[in-house]
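Q: Those letters in the sequence shown? Residues 1 to 291, by UniProt numbering.
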Amino acid sequence: MYRWKESEARLRRYAFDLRGSDAAFKVHYWGVSGRLVSNPYHKHSFFEICYVLNGEGTYQDRDAVHPIGRGTWFCSRPGVYHQIVTSGLELLFVAFEVDENATASSLADDFRLLARQENIIVIEKEGEAHPASLLWRSLLIPDGGAPSVPASALSHAAMALILSFPALFGGESQRPMQPSSSAGAMLHQARLYIRDNLSEPLTLPVVAASLNISERHLSRLFSSGIHETFTSYLRRERVRQAALLLKNSDCPIQDIADRTGFGSVHYFTRTFHALMRITPAKYREETRHGK
Numbered sequence: 001m002y003r004w005k006e007s008e009a010r011l012r013r014y015a016f017d018l019r020g021s022d023a024a025f026k027v028h029y030w031g032v033s034g035r036l037v038s039n040p041y042h043k044h045s046f047f048e049i050c051y052v053l054n055g056e057g058t059y060q061d062r063d064a065v066h067p068i069g070r071g072t073w074f075c076s077r078p079g080v081y082h083q084i085v086t087s088g089l090e091l092l093f094v095a096f097e098v099d100e101n102a103t104a105s106s107l108a109d110d111f112r113l114l115a116r117q118e119n120i121i122v123i124e125k126e127g128e129a130h131p132a133s134l135l136w137r138s139l140l141i142p143d144g145g146a147p148s149v150p151a152s153a154l155s156h157a158a159m160a161l162i163l164s165f166p167a168l169f170g171g172e173s174q175r176p177m178q179p180s181s182s183a184g185a186m187l188h189q190a191r192l193y194i195r196d197n198l199s200e201p202l203t204l205p206v207v208a209a210s211l212n213i214s215e216r217h218l219s220r221l222f223s224s225g226i227h228e229t230f231t232s233y234l235r236r237e238r239v240r241q242a243a244l245l246l247k248n249s250d251c252p253i254q255d256i257a258d259r260t261g262f263g264s265v266h267y268f269t270r271t272f273h274a275l276m277r278i279t280p281a282k283y284r285e286e287t288r289h290g291k
């Protein structure tokens, strides 16, 4: 089957801080259990998604009790009391929360909807594994020397798995307008330009000119593609990059303000505090001490 302990240890080592161009997740823990037994009635402040490989039991969500067995998915939502009762399950589980400061608003909306979703049980039909099941199995180390996903690709595969959960449980928001493939590519190009030129005095006219499109077209790409204004996205991207520099470098705050396009420390501090509810200096102090 699988090498349970090694698979879990590898995931916990390589797939805990998942970051992509449109989303970021903080993984609290992965579970790969060959024989999980009953746990107490409890709740979390984060999501916990479980997939049963084998075994039988029940899952209680508030007052509702559901039978679970091979091929069952269940979602423990933030703040909701729940419990597994079983004499032994082969169970995969992951606990995570969305980093909304680094996640596109449309994707963050999908997970907010998942947190309110009443359909928290999905049972696969025999022989019809959901794509998420195949993704999760690909993260594990098989017995018998069979090849597994290399460690260097684990974080990308884990990101794809977590992004599949809203669709799995039917919690994807109904978006009134999806950008066409060409519009999506143009929006991606605009976001790359912003990311690579944060130290410059970026404005809507400057970025539109760099892409050879009109200001109105660029503004519409942001509002329809990620449901956010150009100005809001630029401010959030500057703050996101500044937060990374505060956490991972020893650069003086003035240098960080310059490198992320804020210019003055006063403007940087005011904007950072408005978005993060903490000053840059305090954020650096707390992240350095692991708070």
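Note that beta-carbon positions come from the ideal geometry of N, C-alpha and C, so glycine has one too. Note that the coordinates shown come from a computational prediction; the quantities given were computed from them, not determined experimentally.
Would you call the stretch 124-134 and the stretch 255-264 touching, i.e. three or more CB-CB distances under 8 Å?
A: Result no; under three Cβ-Cβ pairs closer than 8 Å.
Q: Give the secondary structure of E228 by DSSP, where H, G and I count as helix, E and B as strand, and everything else as coil.
A: As a first step, residue 228 must be located in the sequence shown, where it is residue number 228. Coil, per DSSP.
Q: Just reading off the beta strand (DSSP E) that T72 is part of, what are its end residues?
A: Here residue 72 refers to the residue found at position 72 of the sequence shown. From DSSP, the beta strand (DSSP E) with T72 extends over 72-76.
Q: Check whether the Cβ atoms of Y81 and H42 lie closer than 8 Å to each other.
A: Counted from its first residue, the sequence shown places residue 81 at position 81. Counted from its first residue, the sequence shown places residue 42 at position 42. Going by C-beta atoms, Y81 is nearer than 8 Å to H42.
Q: So is Q241 buried or exposed if we call it buried at 16+ other beta carbons inside 10 Å?
A: Numbered from its first residue, the sequence shown carries residue 241 at position 241. Buried.
Q: For D17, collect the residues of the same chain with a Cβ closer than 6 Å to its Cβ; drop the 5 residues on either side in sequence, then sort them by chain order.
A: Here the question's residue 17 lines up with position 17 in the sequence shown. Around D17: no qualifying Cβ.
Q: Would you call the CB atoms of L202 and E215 closer than 8 Å?
A: Taking the first residue of the sequence shown as 1, we reach residue 202 at position 202. Taking the first residue of the sequence shown as 1, we reach residue 215 at position 215. Cβ atoms of L202 and E215: not closer than 8 Å.
Q: Taking the C-alpha atoms as reference points, what is the distance between M177 and F222?
A: Here the question's residue 177 lines up with position 177 in the sequence shown. Here the question's residue 222 lines up with position 222 in the sequence shown. At M177 the pLDDT is 46, less than 50, meaning the model places this residue with poor confidence; the figure from the coordinates comes in the next sentence. In a straight line, the C-alpha of M177 is about 12 Å away from that of F222.
Q: Going by C-alpha distance, which of V85, S87, Q60, G88 is nearest C75?
A: As a position in the sequence shown, residue 75 is number 75, starting the count at 1. Of the listed residues, the one whose Cα sits closest to C75 is Q60.
Q: Name, in chain order, the residues that DSSP records as bridge partners for R19.
A: Translated into positions along the sequence shown, residue 19 becomes position 19. The partner list for R19 (beta bridge, DSSP) reads A24.
Q: Taking the alpha carbon of V85 as the reference point, which residue from E286, V206, I68 has its own alpha carbon closest?
A: For the purposes of this step, residue 85 is identified with residue 85 of the sequence shown, where counting begins at 1. Closest by alpha carbon: I68.
Q: Using beta-carbon positions only, say whether I141 and S148 come within less than 8 Å of one another.
A: Stepping through the sequence shown from its first residue, residue 141 is reached at position 141. Stepping through the sequence shown from its first residue, residue 148 is reached at position 148. Against a cut-off of 8 Å, the Cβ pair of S148 and I141 comes out as a contact.
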